[in-house]
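Position 92 (the sequence shown) corresponds to 154 in the numbering used here; numbering is contiguous.
The block underneath contains the structure these notes are about, expressed in structure tokens.
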Amino acid sequence: MPKVLIVDDSGVMRKIIQKNIKAANLVVDEFVEAGDGKEALEKLKAGPVDLILCDWNMPNMTGIEFAKTLQSSGEYCGIPIVMITTEGSDSMRAEASSAGVKGYITKPFTPEQLTNELGKFLMLS
Ligand SMILES: [Mg+2]
């Protein structure tokens, strides 16, 4: 029963991502939202998730800080993280990859790009 955590400081972007996932017929039972990495850690403590979609630039705790925190935690290091960000440079992609990030989508994304990347982690209905 896939549960997806969407971490982005833009509430509009969190809704756009959900809308695109639904429109693509990717199976998700529940979406959990967080506005930054710190809030995302709190949401994880409240219950496990199967996939994390994470922005890079956020207040309090950035996406890369969040990814590194999860990577070094025993409890959450197995949850796949996909970055969805305006930051697309090679060095940032490499940093994300070494922090255990499993997928990378740059904003603005097309519905097809989102579907193709997330299709590696979610099933189609
Ligand atoms: Mg942001």
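Ideal placement from N, C-alpha and C gives every residue a C-beta, glycine not left out.
Remember, it's a predicted structure, so these values are computed and weren't measured experimentally.
Residue j and residue i - do their beta-carbons sit closer together than 8 Å?
i	j	result
L184	L88	yes
T172	A86	no
D112	K65	yes
G109	Q133	no
E95	N119	no
Express the C-alpha separation of residue j and residue i in angstroms, rounding to a whole number.
i	j	result
A156	T147	14 Å
K107	E101	10 Å
M154	D91	31 Å
K158	M123	It is worth fixing the name first, because residue 158 is Ala in this sequence and not Lys. Whole-angstrom Cα-Cα distance: 15 Å.
Whose C-alpha, out of the options, is nearest the C-alpha of residue i?
i	options	result
K164	S187, D91, C139, P121	C139
L180	I79, T124, A161, G109	I79
Confirm the yes/no value for this check: CB of residue i, any heavy atom of ligand 1, distance under 7 Å.
i	result
D112	no
M120	yes
S151	no
D70	yes
For chain D, find out if any of its Cβ atoms is closer than 8 Å to the Cβ of residue i; answer yes or no.
i	result
V89	Among the protein chains of the structure shown there is no chain D, as only one such chain exists.
Open item on the list: So within the region 93-151, which uninterrupted beta strand (DSSP E) runs reach at least 3 residues, ignoring any that extend past its ends?
Closed with: Taking only runs of at least 3 residues, the beta strand (DSSP E) segments lying wholly in the region 93-151 are 113-116, 143-147.
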